[in-house]
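Trainee:
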Amino acid sequence: MAFSKEKRRQKIKKRIRQDITGTESRPRLSVFRSNKEIYAQIIDDVAGKTLVAASSRDKEISNAAESKTELAALVGKTIAEKAKDAGIDTISFDRGGYLYHGRVKSLAEGAREGGLKF
């Protein structure tokens, strides 16, 4: 019997997290995608703290009524700006078990445009 979509994603996420961890010098950019919104956090796993967060629910982003892919790119640019303000320039990208295309890819490209190095 096949796994459900969510069980499959959780399995992939667990496999990814074995290799990717966030440190103080290179924190992890974690992505969560729901049907309607997209969320991104920059996390230091050693200290167990979220350093920076952005989502499509933020007022300055949600008012830009565009497609979900374009909103994801704006979230990427916003999190890159916040990361620069916090002194972060290099990160590890954690796609969270989602395929690297569509909104996840758009968020990553937006973060790269904002100046983050993966």
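Numbers 4 to 121, taken from our numbering, label the letters of the sequence shown in order. We put the beta carbon where it would ideally sit given N, CA and C, even for glycine. Here the structure is a predicted model, which means the values were calculated and not measured.
On a CA-only basis, which of Ala-43, Ala-57 and Glu-69 is nearest Phe-96? Give me that one, please.
Mentor: Among Ala-43, Ala-57 and Glu-69, the Cα nearest to that of Phe-96 belongs to Ala-43.
Trainee: Tell me, which residues are paired with Tyr-42 by DSSP?
Mentor: Paired residue(s): Phe-35 and Ser-58.
Trainee: Measuring straight from C-alpha to C-alpha, what distance separates Leu-77 and Gly-51?
Mentor: Taking the straight line joining both Cα atoms gives about 26 Å.
Trainee: For the stretch 77 to 92 against the stretch 61 to 68, do three or more pairs of beta-carbon atoms, one drawn from each stretch, fall closer than 8 Å, so that the two count as touching?
Mentor: Because the criterion of three Cβ pairs below 8 Å is met, the stretch 77 to 92 and the stretch 61 to 68 touch.
Trainee: Indicate, with yes or no, if the ligand SAM has a heavy atom lying under 7 Å from the CB of Ile-46.
Mentor: Of ligands this structure carries none, so the ligand SAM is not represented either.
Trainee: Is Ser-65 helix, strand or coil when you go by DSSP?
Mentor: The answer is helix: DSSP assigns Ser-65 an H, G or I state.
Trainee: What are the uninterrupted segments assigned as alpha helix (DSSP H) that are 4 or more residues long and contained completely in the stretch 69 to 115, given in chain order?
Mentor: You should have 71 to 88.
Trainee: Judging by CA-CA distance, which residue of Asp-92, Glu-73, Glu-27 and Gln-13 is the nearest neighbour of Gly-113?
Mentor: Cα-wise, what sits closest to Gly-113 is Glu-73.
Trainee: Quick one, which of Tyr-103, Met-4 and Ile-94 has its alpha-carbon nearest Lys-16's?
Mentor: Per the Cα distances, Tyr-103.
Trainee: Considering Asp-22, what are the terminal residues of the alpha helix (DSSP H) in which it resides?
Mentor: Where Asp-22 is concerned, the enclosing alpha helix (DSSP H) stretches over 8 to 22.
Trainee: What residues are listed by DSSP as bridge partners for Asp-47?
Mentor: For Asp-47, which the question treats as bridged, DSSP gives the partners Lys-52.
Trainee: Leaving aside the five residues before and after Arg-29 along the sequence, list all residues of the same chain whose C-beta is less than 6 Å from its C-beta, in chain order.
Mentor: Result list for Arg-29: Thr-93 and Ser-95, in chain order.
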